[in-house]
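Residues 7 to 762 in the working numbering are what the sequence shown lists, from first letter to last.
Written below as structure tokens is the structure these notes are about.
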Amino acid sequence: MSFLRNRTNFRTDIDDDDRIPGQADESVLFQTTGRTVRHSQQLVRSQILNPKLTQDRRNKARDALAAVRGAGDKLRGISLLSGLASSPVTDVVPASATPEQLATGDDLPPVSGLARADGPIANNQGPARRTRWSWMAQSPNIIADLKNFMPLQFEFPPHPERDRSNDWFQDAYAVLFDRIIVFAKDYFGFQDLEGNFNEPWAIDMPDEFYRYVELIAEPDPAVGGWDEMLTNTETRTFLIVGIIVKILEVKVFAPNLWGNTKEGEDLLHNLDRALLDSEGYSRQQLRCKSIRTLLGGASVTPNFHKDCTTLTAQILLLLGPLFDYLTLLPARPNTIIPQPTALYQSLHNIISSAAYLSLCTRISPTIMHITSLVPGSLYSPEEHTSILQPSWTLSKTIIQDRWTRDHELMEVERAQAEGYKIGYEIAGQARQQSKAGMLALQRFLDAQKKLAEHKPPGYTHRASVKIAVWPVTRRYWAGNSKPGGDMDGQSVYNVTGAGAVFYYKEIDKPVESLFDFVARKKKMIHGRYKRARDLLAVLGLLSLGVFLVLFYVVGWAGSIAWMEGVLNSITEFLKQWMEKGKEAAHSAYGCSGSPGADWLARTGEDPLGGVKDVYSKATDGIRESYDTFSSKAMEGAQGGFDIYASQKSKAAEAYDSFSPRAKEGFKEGFQKRTSKAGSTYDRVAPKAKEGVQDGFDAYSSKRSPLGGVAGDVYEKTSVNAKGAYEKTSSKARDAAGDAYETVSSYAETMAHGREE
Numbered sequence: 007m008s009f010l011r012n013r014t015n016f017r018t019d020i021d022d023d024d025r026i027p028g029q030a031d032e033s034v035l036f037q038t039t040g041r042t043v044r045h046s047q048q049l050v051r052s053q054i055l056n057p058k059l060t061q062d063r064r065n066k067a068r069d070a071l072a073a074v075r076g077a078g079d080k081l082r083g084i085s086l087l088s089g090l091a092s093s094p095v096t097d098v099v100p101a102s103a104t105p106e107q108l109a110t111g112d113d114l115p116p117v118s119g120l121a122r123a124d125g126p127i128a129n130n131q132g133p134a135r136r137t138r139w140s141w142m143a144q145s146p147n148i149i150a151d152l153k154n155f156m157p158l159q160f161e162f163p164p165h166p167e168r169d170r171s172n173d174w175f176q177d178a179y180a181v182l183f184d185r186i187i188v189f190a191k192d193y194f195g196f197q198d199l200e201g202n203f204n205e206p207w208a209i210d211m212p213d214e215f216y217r218y219v220e221l222i223a224e225p226d227p228a229v230g231g232w233d234e235m236l237t238n239t240e241t242r243t244f245l246i247v248g249i250i251v252k253i254l255e256v257k258v259f260a261p262n263l264w265g266n267t268k269e270g271e272d273l274l275h276n277l278d279r280a281l282l283d284s285e286g287y288s289r290q291q292l293r294c295k296s297i298r299t300l301l302g303g304a305s306v307t308p309n310f311h312k313d314c315t316t317l318t319a320q321i322l323l324l325l326g327p328l329f330d331y332l333t334l335l336p337a338r339p340n341t342i343i344p345q346p347t348a349l350y351q352s353l354h355n356i357i358s359s360a361a362y363l364s365l366c367t368r369i370s371p372t373i374m375h376i377t378s379l380v381p382g383s384l385y386s387p388e389e390h391t392s393i394l395q396p397s398w399t400l401s402k403t404i405i406q407d408r409w410t411r412d413h414e415l416m417e418v419e420r421a422q423a424e425g426y427k428i429g430y431e432i433a434g435q436a437r438q439q440s441k442a443g444m445l446a447l448q449r450f451l452d453a454q455k456k457l458a459e460h461k462p463p464g465y466t467h468r469a470s471v472k473i474a475v476w477p478v479t480r481r482y483w484a485g486n487s488k489p490g491g492d493m494d495g496q497s498v499y500n501v502t503g504a505g506a507v508f509y510y511k512e513i514d515k516p517v518e519s520l521f522d523f524v525a526r527k528k529k530m531i532h533g534r535y536k537r538a539r540d541l542l543a544v545l546g547l548l549s550l551g552v553f554l555v556l557f558y559v560v561g562w563a564g565s566i567a568w569m570e571g572v573l574n575s576i577t578e579f580l581k582q583w584m585e586k587g588k589e590a591a592h593s594a595y596g597c598s599g600s601p602g603a604d605w606l607a608r609t610g611e612d613p614l615g616g617v618k619d620v621y622s623k624a625t626d627g628i629r630e631s632y633d634t635f636s637s638k639a640m641e642g643a644q645g646g647f648d649i650y651a652s653q654k655s656k657a658a659e660a661y662d663s664f665s666p667r668a669k670e671g672f673k674e675g676f677q678k679r680t681s682k683a684g685s686t687y688d689r690v691a692p693k694a695k696e697g698v699q700d701g702f703d704a705y706s707s708k709r710s711p712l713g714g715v716a717g718d719v720y721e722k723t724s725v726n727a728k729g730a731y732e733k734t735s736s737k738a739r740d741a742a743g744d745a746y747e748t749v750s751s752y753a754e755t756m757a758h759g760r761e762e
């Protein structure tokens, strides 16, 4: 049975086993290639009809028609038939097939094995089925695979006399959007490029691809910039969705009438010019009537399918390099690698469905307005929908964690500068006003200002559009449509809301151009492999020279034997080297695997814990030293003053005569001991600073790929910092105690001597 334009009944008077789709009935839905397939078993590298696949397609068509009639929604047929149109009905006859195989089609190898049987140079037309990936990389060529491929075409239902409802348009856009997402996942989301040395931006792509990417997306520096757009599977999927939607918006929904002829286009253009000053809704009323007249009762325009095929080929050339790159890379086991023909058919289905939807909007007396999102625009919860929520969460989390880490480091730097400033203040006015003291004060002020200006991300970042996936679509018509009300004003219906991928963007930060990024990426890749290519070229020339000399000296057989010996030696060496490396790795893990894992878990929970403890202990020790310094000084001075006061009545006259000398000696002793304490502090304080700084350097270096080495450095640096703290605290306390014990003793001796 055939699926006819008249969807009222089935034709049961024709034997379907004797007729294929497209033969003796030009109104059928499914079109095959132009060549006759009745005697195609005699053709090499051509397609032969598969009865099982043909019957399967007919069964699907019958089920789809029954579902459409039962649901009463003809739009449902587009969704049900999308998979049907991409299913094959033919197999390929290989060039290596024997006459016996051609005579019995059942003995032919499966289609998935023909490409490997014929070799990479065979010009085979593969079906639109997807095969499982083998560890041998394929070599797809979209242009060669699609050279003789003719896509299947949909037959769309006729347009009703009355205008379609808002729900119909909303469902139509929803179906179209879902099909685009499925297309992007199936043909551009099957490879995982993260964690490997993949550089998809380094391949040669059309400049139009870069322009469309810049129209819908901008990079997020926190998660990898432009690289993350293609290496991350989910981001790459929605990037392709955004590109296709943007192309449909510009190429399909923007023209006056899709698939229109030159005469019809002139008619609509002259109509718009004549009614340029007229009111918009009345102009739309006249335009929709003119379009219905141009259609003449047909479902589509005269050039509908031709324009669909042209736009499909253009988009295929735009996305072809990326598709080839993804299919060439080795994939995980059991990964389904799509075929170029299936890609072409699915893309053609999307273009034709969108084109039919654009015709439906043009014959409607209402006005359909599309508002595109601009990359970098701020998030509006009333109008926007976050399609990829994990991307937004990851971006915000990275920014907040980075700010918290930087803020903690700034607080540590400020506390360190404050400790130096307090030390110079306690050391005396002369030390405070010295060059080193003024420098310590300036460092403290700078650190305090830097900490005050370090605002949280809520002040500097906003949720912004990273990838514009779907635009806002609104439907306008005249009148408020309220029961019992007048027809003045207008009504607005939101057909679709805007969908996008968002990220945490820094305000007023310039965005890197994609063209500049790609140029820098290609230059880096070229420089990375230039030396390797030059070395391989030199080695190749040397090998060729050696081979020619051997061929001239020992002949062909001797040269082949020598080359086999060299290759066997190299193979054995590589095997031994791999075995030794594996044994060394197992030994290393056996010695330090479990402690290393414990250390990694411990440091992952609190990476700055050790450094913070060391610094806090050092700070407390320095403050304790200065507290001891001050308390002993005050005790010594108070004791001397008390002794002096108790003996004042007896030794007033003698003390007055000896006072200048005592004051001068006390002052010289105090300055001498104070200078000694300050010198000791200046000598040991940098060591404490270096110990703390080494602790933070170890924290930074432990995140490098060195793993265990970074952990050892971190532990050793923490021990050094603790040792520096203990030495600093001990030396500072001893110096302070000796200085003021001497001063106090000198004061008491002076007072007792004067008493005697």
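In this text, a Cβ means the ideal position worked out from N, Cα and C, and glycines have one as well.
Query, Result
"Distance between L332 and F579 (C-alpha atoms, nearest Å)", "34 Å"
"From K511, F523 and F244, residue whose alpha carbon lies closest to that of T399", "K511"
"As assigned by DSSP and simplified to three states, the class of A223", "strand"
"For Q448, the residue or residues it bridges with in DSSP", "Answer is none; Q448 lacks a bridge partner."
"Contact between the stretch 221-229 and the stretch 275-285 (3+ Cβ pairs under 8 Å)", "no"
"Local conformation of I343 per DSSP, three classes", "strand"
"Pair within 9 Å by beta-carbon distance, R293 and L277", "yes"
"Residues that L324 bridges to, as DSSP identifies them", "L324 pairs with nothing; no bridge assigned."
"Nearest-angstrom Cα separation, counted from L573 out to G326", "39 Å"
"Three-state secondary structure (DSSP) of K515", "coil"
"Burial state of V219, where buried means 16 or more other Cβ atoms lie within 10 Å", "buried"
"The stretch 204-219 touching the stretch 379-388, judged by at least three CB pairs closer than 8 Å", "no"
"Contact set for L363: own chain, Cβ-Cβ below 6 Å, skip 5 residues either direction", "A178"
"Exposure label - R138; buried when at least 16 CB within 10 Å", "Because the pLDDT of R138 is 37, which lies under 50, any placement of that residue in the model is unreliable, and the number read from its coordinates should be weighed accordingly. The residue in question, R138, is exposed, as its Cβ has fewer than 16 Cβ neighbours within 10 Å."
"Bridge partner(s) assigned by DSSP for E500", "According to the sequence displayed, residue 500 carries Asn and not Glu. Looking at the DSSP assignment, N500 forms a beta bridge with R480."
"Backbone secondary structure at L384 - three-state DSSP", "strand"
"Continuous beta strand (DSSP E) stretch holding S267: start and end", "It should be pointed out that residue 267 corresponds to Thr in this sequence rather than to Ser. Where T267 is concerned, there is no enclosing beta strand (DSSP E), given that its DSSP letter is neither H nor E."
"Expected contact under 8 Å - CB spacing of D313 and W264 to nearest Å", "6 Å"
"One or two residues paired with Y465 in a DSSP bridge", "Looking at the DSSP assignment, Y465 forms no beta bridge with any residue, so it has no partner."
"For M569, the three-state DSSP class (helix, strand or coil)", "helix"
"Inter-residue spacing [alpha-carbon to alpha-carbon] between T466 and V418", "23 Å"
"Rounded C-alpha distance that separates D173 from V188", "22 Å"
"Buried or exposed (CB count within 10 angstroms, at least 16 for buried), Q345", "buried"
"Residue(s) in a DSSP beta bridge with T377", "V478"
"Option in K472, G231 and A421 with minimal Cα separation from L447", "A421"
"Assigned secondary structure, H390 (DSSP; H/G/I helix, E/B strand, else coil)", "strand"
"Length of the line joining the Cα atoms of Q496 and W483", "6 Å"
"Boundaries of the alpha helix (DSSP H) in which W207 is found, first to last residue", "W207 -> no alpha helix (DSSP H), and no H or E assigned at all."
"Selection from L545, R534 and F450 that minimises the alpha carbon distance to I203", "The question names Ile, but residue 203 in the sequence shown is Phe. Closest option to F203, Cα to Cα, is R534."
"Start-to-end residues for the alpha helix (DSSP H) that takes in E234", "W232 to T237"
"Rounded C-alpha distance that separates V501 from K268", "31 Å"
"Burial state of F3 (16 or more Cβ within 10 Å)", "The question about residue 3 has no answer here: the residues shown for the chain are numbered 7 through 762."
"Pairwise C-alpha distance: L379 and L547", "56 Å"
"Closest residue to I343 among I432, F194 and F215 (Cα-Cα distance)", "F194"
"Burial state of L300 (16 or more Cβ within 10 Å)", "buried"
"Option in Q351, G571 and G503 with minimal Cα separation from F160", "Q351"
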